[in-house]
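What follows is one structure encoded as structure tokens, with my remarks underneath.
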Amino acid sequence: MSKTELVDIVVIGSGPGGYAAAFRAADLGQKVLMIDRDSDLGGVCLNRGCIPSKALLHISKVMSEASHLSTIGVSFSEPQIELDVVRDYKNKIVSRLSSGISQLANARKVKTIHGDASFISNNELVVKSESGDQTIAFKKCIIAVGSSSAMLPGLPEGNPSILTSKTALDLKDIPKNLLVVGGGVIGLELGQVYASLGSEVSVVEFLPSLIPGADQDIVKPLQRRLSKQFKSIMLSSKVVAVKETEGADLSVSIESKDGTEELRFEKILISIGRNPNTKQLNLGSTGIEVDDNNFIIVDEYQKTTVDNIFAIGDVAGNPMLAHKATHEGKVAAEVASGHPAAMDARVIPSVVYTHPEVAWVGLTELEAEEQGIPYEKGEFPWAASGKAMILDASQGKTKILFDPETKRVIGAAIVGPAAGDLISEACLAIEMGSDAEDVGLTIHPHPTLGETFAAASEMYTGTITDLYVPQKRGK
Amino acid sequence: MIKEIVLPDLGEGIESATISEVPLSAGEHVKKDDVLLVLESDKASMEIPSDYDGKITEVLVEEGKDVVTGEPLFKIEIQDSTKEEIEEETKKEDKTKEQTEVKVESKAVFEPNIARVGDDVFASPGVRRLARELGIDLRLIKGTGAKGRTTKEDLHSYIRIKMQEGSGLSKPPKKPIDFSQWGDIEYQKLTKVNKITGSRLQEAWQDIPHVTQHNSADITDLNDYRKKLKSEAEKEGIKITFLPFLMKASVLVLKEMIRFNSSLDENEENLIIKKYFHLGVAVDTPSGLMVPCVRDVDKKTIKELSEELADISQRARDKKLRPDELKGSTFTISSLGGIGGTAFSPIVNPPEVAILGVSKSEWKPVFDKNKKEFVPRFIMPFSLSYDHRVIDGASGAAFVERLSQTLENIDQFKE
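Quick mapping for you: the protein sequence lines, in order, are chains A and B. Residue numbers for the first sequence follow the numbering used here, so the first one is 1 and each next one is one higher. Residue numbers for the second sequence follow the numbering used here, so the first one is 1001 and each next one is one higher.
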């Protein structure tokens, strides 16, 4: 074992949370070491999550727009998919971003080492790699080890036809048909990618709706589009058995209220959720406590139950989102460097990057009804937006929830192209405590999709002129 | 990397100082601990050393300028440090970190309230962050922004108001009186020390309910012992005065009655008992009253204390005290014995809770019960003022009685 190295702050994981934490701490004058088990920095988000999936979704969006053009007098020949080139394009983006992180680390004198980290005590950890074991002594530690795909129990082991988001993004080939197990964000995004590239895609979701947690009026336009793109969407259904067959196909038994059906698929993608990567950390050697779902318990300073160890991102609890990890990473780095920071964000936005996109932030109607929170809403259908019409996005919608008393924005949801970009205005409105008037009286450029946010507010205040709302007209 | 060097906290009472010398200009290289600036307050003149090796890129101040704590002085470009330097820097930053951590701990009482203010507070993320940094609970502030939004300005004015409340500056201005209508007058400017002690004394007098308890001690034997010690020490060039004995005696009693060696916490809910015995000693200097602190009196000999007192009072008169030498005392002695008077009421030196005032010793006839006659004894009158919130009258009386007994028993001073 090589000699022990002492650092101010060690960050385990170099994903969007880990590198943000490491770099922020270094900028605050700390001696920082960043450990990642991969040779490429950037974690799941960059290497096998957000970035590669969005690169592929971009393709599927442009294809769908091109196919719309044929209905308005501009026709292209049928797209030819050269999978190797597509994969290259995706890989190049990933490697450029990953080496960018290395450069940023070098510029800040943040040392990076590769290997599997596990704790020895509250102040020491060991990094195991092919080049041997190395002990690191630290004053503070920030755990940013992320999460991995959850698997269904009882699946045939090691079968290459059973994909996770990671292997699906490797894009080895385009199967004739694909079953997506789990109709959440990851399943629908990857399902759409494979459908665009030529697979016949089916989705099975245990719950009665796609993207559970989002308001269904916002999911509906996406669902309509997907039911055209996909072979089938099976709701309230579950996979009860997956069997290998004599051929290459997998035989899948799917149970619904109508009984059990046996179907054959070339590949299946398991996207039923993600589990925090707590097991390999040897947390037993520390005083760190985890909850029933194996998430590390943290307070608003991102501190674990051990005073000098912090946890951020997926491993520290839901929602498992890169932008939440980044924010938490900075908080942890600042607190660990002696600054009075805290996780004080009011809201964290969620986005599904399908075509059309679905995005929401703050209170949803589902939550409001569940928890009995009073709200009022303003909705603007994109059918009344010129820009949406131009973009073939008349199905879209912008919805804002307001506090009935203060009229402040407390939640928002958008479906349509660029919804993920548009939702940022709602995030700012909520953080700033903006009310309906503030939003409505802010001049938005025309014609844009962004103006639908102001329009939704004006639907609420009754000052809208792009629609006629007889029952409600404000001063 | 460019670092900004700001004026460090200069210590108790000193909020601003005048720059008397800027020996460096832009472009010059400095080494760690090189003098960057010489400052002059009325209390002390001090040199500000550099924390880094590097090149001055910008001088932000000039001679004669008044600077306040936290004001930027220089911009310095730190060279790509060698390994040792990095390590040294890390060590230093550890120290500052420890300090910040201590600060954070002392604020721990508020923190749970202000870490996350809850959605009912109407303030933007930037204002919420600033409030957290300043340790202000946003729920206590009424916002003056549009629709009652709390703004950064609101935080700043909240702090201003709090500071004014604290320093008693919110008193209405007094009307000027033309004294020359009754005769000749002359204006004498108050020194900075005069002003600082003035406002501190006023604050102490207003905040602390004072009680003064008088007593006297028979120091005939002790004085003889001192003279003996004095002639011995003179050979070594040390002048033994009476003050070190008083300090030792006080600490002996403080150890018995530890409440006198305490402070009230900021919320007046806890008493902070100090396990160290640093005594403040009031020194009259040309620019006013100063109270340098002698540390760990219980661990020092009479000779050591005599030497230290001579040094510290000389430097007080020469304005050469370092700011940290004015901090940290747990109990104060003000001796007017060399001048005169029979008794006086000293004012407690906050955050301490008691102060000993010593008046002029005199030969007095004392009735000796054994001999049944009056004998001449050398009697020292003294007065103890204390904070009645912390110390009750019985303890006050017991303290002066124990001090008197201690001073009469010279065995305790023999080393």
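For each residue, glycine too, the CB sits at the ideal point set by N, CA and C.
Backbone secondary structure at A/Lys324 - three-state DSSP: Here the question's residue 324 of chain A lines up with position 324 in the first sequence. Three-state DSSP puts A/Lys324 in a helix.
Start-to-end residues for the alpha helix (DSSP H) that takes in A/Val44: What you label residue 44 of chain A is simply residue 44 of the first sequence in a count that begins at 1. That run of the alpha helix (DSSP H) goes Gly43 to Arg48.
Reduced DSSP category for A/Gly68 - H, G, I as helix; E, B as strand; rest coil: The sequence position of residue 68 of chain A within the first sequence is 68, counting from 1. Inspection of the sequence shows that residue 68 of chain A is occupied by His rather than by Gly. Three-state DSSP puts A/His68 in a helix.
Residue-chain proximity (B/Arg1128, chain A), Cβ-Cβ < 7 Å: The residue given as residue 1128 of chain B occupies position 128 in the second sequence. So, interface residue.
Proximity test, Cβ basis, 7 Å: A/Ala151 and chain B: In the first sequence, the residue the question calls residue 151 of chain A occupies position 151. Per the sequence shown, the amino acid found at residue 151 of chain A is Met instead of Ala. Chain B contact via Cβ: absent.
Any chain B beta carbon closer than 7 Å to A/Glu367: Taking the first sequence and counting its residues from 1, the one referred to as residue 367 of chain A is at position 367. So no, A/Glu367 is outside the interface.
Cβ pair count under 8 Å reaching 3, the region 208-226 of chain A against the region 173-188 of chain A: yes
Chain B contact for A/Ile212 (CB, 7 Å cutoff): Translated into positions along the first sequence, residue 212 of chain A becomes position 212. Before going on, a small fix: residue 212 of chain A reads as Pro here, not Ile. With 7 Å as the cut-off, A/Pro212 does not count as an interface residue toward chain B.
CB contact below 7 Å: A/Pro404 versus chain B: For this step, residue 404 of chain A is matched to residue 404 along the first sequence. So no, A/Pro404 is outside the interface.
Nearest-angstrom Cβ-Cβ length linking B/Val1297 and B/Val1251, presumed shorter than 8 Å: Looking up residue 1297 of chain B in the second sequence gives position 297. Looking up residue 1251 of chain B in the second sequence gives position 251. Confirmed, Cβ separation roughly 5 Å.
C-beta neighbour in chain A for B/Thr1047, strict 7 Å: Indexing the second sequence from 1 puts residue 1047 of chain B at position 47. Looking at the sequence provided, one finds Glu at residue 1047 of chain B rather than Thr. Taking Cβ atoms only, chain A never reaches closer than 7 Å to B/Glu1047, which makes this a no.
For B/Glu1307, three-class secondary structure by DSSP: Locating residue 1307 of chain B in the second sequence gives position 307, where the first residue counts as 1. Correct three-state label for B/Glu1307: helix.
Among B/Lys1142, B/Ile1056, B/Glu1133 and B/Gln1181, nearest to B/Asp1120 - alpha-carbon criterion: Residue 1120 of chain B sits at position 120 when you count from the first residue of the second sequence. The shortest C-alpha separation from B/Asp1120 is found at B/Lys1142.
With 16 other Cβ atoms within 10 Å as the buried cut-off, status of B/Ser1345: Taking the first residue of the second sequence as position 1, residue 1345 of chain B is located at position 345. Exposed.
Contact list for A/Asp307 against chain B, beta-carbon separation under 8 Å: Position 307 of the first sequence, counted from the start, is the residue given in the question as residue 307 of chain A. The contacting residues do not exist; A/Asp307 stays about 10 Å from chain B at best.
A/Ala105 versus A/Glu431: straight-line alpha-carbon distance, rounded: Counted from its first residue, the first sequence places residue 105 of chain A at position 105. Counted from its first residue, the first sequence places residue 431 of chain A at position 431. For the pair A/Ala105 and A/Glu431, the Cα-to-Cα distance works out to about 31 Å.
Partners in chain A for B/Arg1259, counting only beta-carbon separations shorter than 7 Å: Counting from one through the second sequence, the residue named residue 1259 of chain B turns up at place 259. Chain A residues near B/Arg1259: none, gap ~33 Å exceeds 7 Å.
Chain-ordered residues of the region 339-352 of chain A with a beta carbon less than 9 Å from chain D: Although the question refers to chain D, the structure presented lacks it and instead comprises the protein chains A and B.
Segment limits, alpha helix (DSSP H) that includes A/Met488: Shown here, chain A extends from 1 to 475; a query on residue 488 of chain A therefore has no answer.
Chain A contact residues for B/Arg1132, given Cβ-Cβ distances below 9 Å: Stepping through the second sequence from its first residue, residue 1132 of chain B is reached at position 132. Chain A residues near B/Arg1132: Pro340, Ala341, Ala342 and Asp344.
Rounded distance between the beta-carbons of A/Ile136 and A/Val315, thought under 8 Å: Locating residue 315 of chain A in the first sequence gives position 315, where the first residue counts as 1. Locating residue 136 of chain A in the first sequence gives position 136, where the first residue counts as 1. With 8 Å as the limit, A/Val315 and A/Ile136 do not qualify as a contact, their Cβ atoms being about 18 Å apart.
Status (buried if at least 16 other CB within 10 Å, exposed otherwise) for B/Phe1413: Along the second sequence, read from residue 1 onward, the residue named residue 1413 of chain B stands at position 413. So B/Phe1413 counts as buried.
Run of the alpha helix (DSSP H) containing A/Met34, from where it starts to where it stops: Within the first sequence, residue 34 of chain A is the residue found at index 34, counting from 1. Note, A/Met34: premise wrong, no alpha helix (DSSP H); beta strand (DSSP E) at Val32 to Asp36.
Buried versus exposed, by CB contacts within 10 Å (16 or more), B/Ala1017: Locating residue 1017 of chain B in the second sequence gives position 17, where the first residue counts as 1. B/Ala1017 comes out buried.
Residues of the region 429-455 of chain A with Cβ closer than 8 Å to any Cβ of chain B, in chain order: Glu431, Met432, Gly433 and Asp435
When B/Ala1398, B/Gly1237, B/Ile1379 and B/Val1281 are compared against B/Ile1260, the one with the closest alpha-carbon: Here residue 1260 of chain B corresponds to residue number 260 of the second sequence, with the count starting at 1. According to the sequence provided, residue 1260 of chain B is Phe. The question's Ile does not apply to it. Selected option, being the one with the closest Cα: B/Ala1398.
Continuous alpha helix (DSSP H) stretch holding B/Asn1194: start and end: As a position in the second sequence, residue 1194 of chain B is number 194, starting the count at 1. From DSSP, the alpha helix (DSSP H) with B/Asn1194 extends over Lys1192 to Asp1207.
Span separating the alpha-carbon of B/Lys1095 from that of B/Val1035: Residue mapping note: residue 1095 of chain B aligns to position 95 of the second sequence, counting from 1. Residue mapping note: residue 1035 of chain B aligns to position 35 of the second sequence, counting from 1. Confidence is the limiting factor: at B/Lys1095 the pLDDT is only 45, short of 50, which leaves the residue's position unreliable, though a coordinate-based value still follows. Taking the straight line from one Cα to the other gives about 21 Å.
Distance, A/Leu269 Cα to A/Ser199 Cα: The residue given as residue 199 of chain A occupies position 199 in the first sequence. The residue given as residue 269 of chain A occupies position 269 in the first sequence. Looking at the two C-alpha atoms, the distance is approximately 12 Å.
Separation of A/Gly338 from B/Glu1105, as counted between CA atoms: Residue 1105 of chain B sits at position 105 when you count from the first residue of the second sequence. Residue 338 of chain A sits at position 338 when you count from the first residue of the first sequence. Its pLDDT being 33, under 50, B/Glu1105 is placed unreliably in this model, and the value from its coordinates should be taken loosely. Roughly 11 Å between the two C-alpha positions.
DSSP beta-bridge partners of B/Lys1364: Walking along the second sequence from the start, residue 1364 of chain B turns up at place 364. As DSSP reads the structure, B/Lys1364 sits in a beta bridge with B/Arg1377.
Rounded straight-line distance, which links the Cα of A/Gly247 to that of A/Val10: Translated into the one-based positions of the first sequence, residue 10 of chain A becomes position 10. Translated into the one-based positions of the first sequence, residue 247 of chain A becomes position 247. The alpha-carbon atoms of A/Val10 and A/Gly247 are separated by roughly 49 Å.
Contact check, A/Ser149 vs A/Ser161, beta carbons under 7 Å: Mapped onto the first sequence, residue 149 of chain A falls at position 149. Mapped onto the first sequence, residue 161 of chain A falls at position 161. Contact: no.
Rounded Cβ spacing between A/Thr461 and A/Glu437 (contact assumed at less than 8 Å): Taking the first sequence and counting its residues from 1, one reaches residue 461 of chain A at position 461. Taking the first sequence and counting its residues from 1, one reaches residue 437 of chain A at position 437. About 6 Å separates the two Cβ atoms, so the contact holds.
Coil, strand or helix - A/Ala105 by DSSP: On the first sequence, position 105 is the one that residue 105 of chain A refers to. In this structure, A/Ala105 counts as helix in the three-state DSSP scheme.
Residue from B/Leu1279, B/Ile1391 and B/Ala1146 whose Cα sits closest to the Cα of B/Leu1271: The residue you call residue 1271 of chain B lines up with position 271 of the second sequence. The candidate whose alpha carbon is nearest that of B/Leu1271 is B/Ile1391.
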